[in-house]
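Residue numbers (our numbering): 476 to 1531.
As structure tokens, this is what we get:
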């Protein structure tokens, strides 16, 4: 057909203007669609194989499928006639690689002749030299030998010179040149750039160097200015295809297989392509999919690609075909396979300069013989992935079919956004690993600094690896991570050992300070003892440790100490001191002839009064605190204005030293005592002597007015009486009131009230805050052995021969539970307060309904008396300890025995559950405490240390500490975790029968045969606060305290 207007090309709207060129071995009139009508094309037998390449780029073998680029092929060909260097740039998907491989190279072969033309085609990949070596045709092997392995700057020159011996022209095509900056490590990248520069500088007219590169990676040339300069004049931008060029590229391949497009389908496809700003791989993928769909529907029997197929909602057109088809493939995978597919795609993508790029990976990476290999094969079969990138490596690597897939598939887009931090981390790992590898080759010591030294980052990497989010890391990266972990483990071990040495040293120091504190206290240096004990306590607070000696030292100074402050300033003996009536000011008289006034609260010196000619023997304030009297060995009394420090007057009359002065309460009269055996009364207002009282046979040493000023007391060397206000100190307190042995103590759950049971047949309730007795509960006719509060603190149970329930608020007896034939030794409430358990000498345990007072059931099983019972915190299990040497665990719901714990050599006197119900402690007459695993009924350990039988055990609320009371008169505290004794509390003068922790664990109560209950402060922070409050003024104002110790209590105690 010679009339082009009747051609198929014209039928589909083609315009012959501007079409030119020489393509696929011929000229324009060799296009079938320009020569034949649609009818003529369909008259030939169908070739059913798809003529479209899908997402993969066109290669030289696809030249007979590549159409529409005639003009640009000729333009590039002409350019290479005049230039030896060409850098073809364009966006991803613009068809750069296809234009060179299926268009330019075949055209040059025809133009120059294959016998005179050689070509070398490769991509940089991770190692451009290895890639080059893989792609050298076999016929050149004898020429180049092992040249590539030499890794020198003249490799490319020597290589082409060797090949050039047989050829007039040589083309080197480096495809996807951006891979040099995205995949190649810095050392090889730099060497390859030097090789290129040497080749470019050679000016060999027979060598043509062609490269393609994504335009968004142009900035990657910046680190290599010489290369950038050499290339900048030779950059050519690939042009977008016109409608006519697109028409040829769409219709001609199908026509060659004797197939046409229905109606205006070609125009619709072109409109969609241009409207979606689509890439050429998307267009090829859509056309290939259209071919496959029509082939599946009717076998293409009519040799027409149908409009209905293209417009089907499940097809998606140019803009959505890839995504829809990819989704179909993805959704056919099961859940596990989909997860594997995600991990595979994550392995095949990298992020460089915030751009997603395809990353080739060795196929063997995924060949695990399992799900991963299966999924990779499916994705390859469905052409979402492709094998190999060159003719010599068809199975060695696998990669995404085209980067368009990374942009156009919403599932991958969402995945990459979600995992972007992992991708960036992996990219960084690769770079860091290579840097580390280079450094260790140069200097292993420097390489340490290249390891992952950031612990959180390394931890994140380890966790991601455990989650299998960092799959298929190459050997170098894996080695790098392992080296980093090994180094960090070494660092952490060294640091842990250093810290342990530091902790051990500090705890040893704390222990020494505690011993030194006790030594100072015993030699009456109380404030110094406080300081050393506080130093030791601060070490424990810092290390979050415990030390019995430190706690004991703090207890000792707080309980037994009496010195609150020490006022120092006199340079000689102090003979007399006196408080002002408001207690704010203290006067002191000294052998150095002076009187000093002190601020009692702070311990600061207010002023010094001077005037006496001899030592000051006595000082006394008037009741209003405005006047101070001082008596001296100079035989005088002086009156001073306290506000100004000025002397008011001097009183003279005694014949010898004045030993004592005292104001009457109304401040009008002053009494003075002297070694002249007399007492004189003086009018304070006038300074006149009122009268002299005579009668003592020896020196009068002291005088004092009664509160009504009617009586004066005097003390003399003939019959001396001294009244002292002895400050006892803040020993926590001792509660006294019982007339006989205290057998049991129990805190209310709010910690405000303590109950005690005694052999005197009474129960006493005590205010824990003040130490005052609230009331005494009387009603039992026999010894009261046990007491226990309900959880709401409203009811108290007491066990004697009978059991009584008491109203805690009123002290009234609520009811008496059935009297036993033998005494009730132990009672215990369930945590909800509804059930009471009682253990008796009659060998039984009884469960009682607290509300009604009725017996619920009797638990029998022990062969001897039941000494102790205890509920677990959840109220489901009851433990009972007996004289038969066993402990039994009971199911409260069914009343069945769960198991029997055996191990003690004598009767079990006390049982106690930890707060979590997992551990049971038992105390025995065999002097030991045993800890039991409730779950397994196995003994955990035995605690030994008491010298007599253990009568009571109690857990702290946090379950970390156990207290035990014994007939050896001591209480011991134990570390539950280690089984070690923390410390021993001493203070009772008789057997300790009962111990109990308060609900907050800060206070321990102990009841003893010495008829006392002692409250012990268990809280280090509390002890530190109290100690600091005690010595604060001493630290701040005493001139002899060191500057470092002066701030010892900053931030501790009430004055934070």
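Each residue gets a CB set at the ideal place from its N, CA and C atoms; glycine is no exception.
Nearest-angstrom Cβ-Cβ length linking residue i and residue j, presumed shorter than 8 Å
i	j	result
residue 1467	residue 1426	7 Å
residue 1238	residue 1229	Not really, about 11 Å apart at Cβ, beyond 8 Å.
residue 561	residue 554	6 Å
residue 1103	residue 1094	6 Å
residue 420	residue 1142	For the chain, the structure presents residues 476 to 1531; residue 420 sits outside this window and is missing.
residue 1476	residue 1451	Actually they do not touch by this definition, with Cβ atoms about 12 Å apart.
residue 666	residue 628	7 Å
residue 1273	residue 1255	7 Å
residue 839	residue 824	Not confirmed; about 19 Å, so no contact.
residue 775	residue 769	6 Å
residue 983	residue 1007	Not quite, the Cβ-Cβ distance comes to about 14 Å (not below 8 Å), so this is no contact.
Local conformation of residue i per DSSP, three classes
i	result
residue 986	helix
residue 808	coil
residue 862	strand
residue 487	coil
residue 1516	coil
residue 1373	strand
residue 1405	strand
residue 718	helix
residue 695	helix
residue 1354	strand
residue 724	helix
residue 1115	strand
residue 1527	coil
residue 996	helix
residue 1061	strand
residue 935	helix
residue 876	coil
residue 1366	strand
residue 1521	helix
residue 1533	With the chain running from 476 to 1531 in the structure shown, residue 1533 is simply not present.
residue 1134	strand
residue 657	helix
residue 930	helix
residue 502	Low confidence applies to residue 502: its pLDDT is 40, below 50, so where it sits in the model is not reliable, and the reading given next is rough at best. Three-state result, residue 502: strand.
Residue j beta carbon less than 7 Å from that of residue i
i	j	result
residue 1428	residue 1441	no
residue 1025	residue 1004	no
residue 898	residue 960	no
residue 1155	residue 1163	no
residue 1455	residue 1447	no
residue 1578	residue 985	The shown model of the chain, from 476 to 1531, leaves out residue 1578, and the question about it has no answer.
residue 805	residue 530	no
residue 571	residue 713	yes
residue 1402	residue 1421	yes
Contacting residues, own chain, Cβ-Cβ under 8 Å from residue i (five flanking each side not counted)
i	result
residue 715	569
residue 855	861, 862 and 873
Per DSSP, cross-strand counterpart(s) of residue i
i	result
residue 1480	1471 and 1490
residue 736	780
residue 825	832
residue 647	595 and 684
residue 1282	1270
residue 1080	1073
7 Å CB neighbourhood of residue i in its chain, flanking five on each side removed
i	result
residue 1522	none
residue 952	904, 905 and 908
residue 552	579, 582, 583 and 586
residue 652	599, 686, 687 and 688
residue 733	516, 517, 519, 520, 521, 522 and 778
residue 884	797, 798 and 801
residue 844	none
Close beta carbons around residue i, own chain, < 6 Å, minus the five adjacent residues each side
i	result
residue 1430	1387, 1389 and 1437
residue 1338	1359
Heavy atom of the ligand ATP within 6 Å of residue i beta-carbon
i	result
residue 1367	As presented, the structure is devoid of all ligands, the ligand ATP included, so that no description of it is given.
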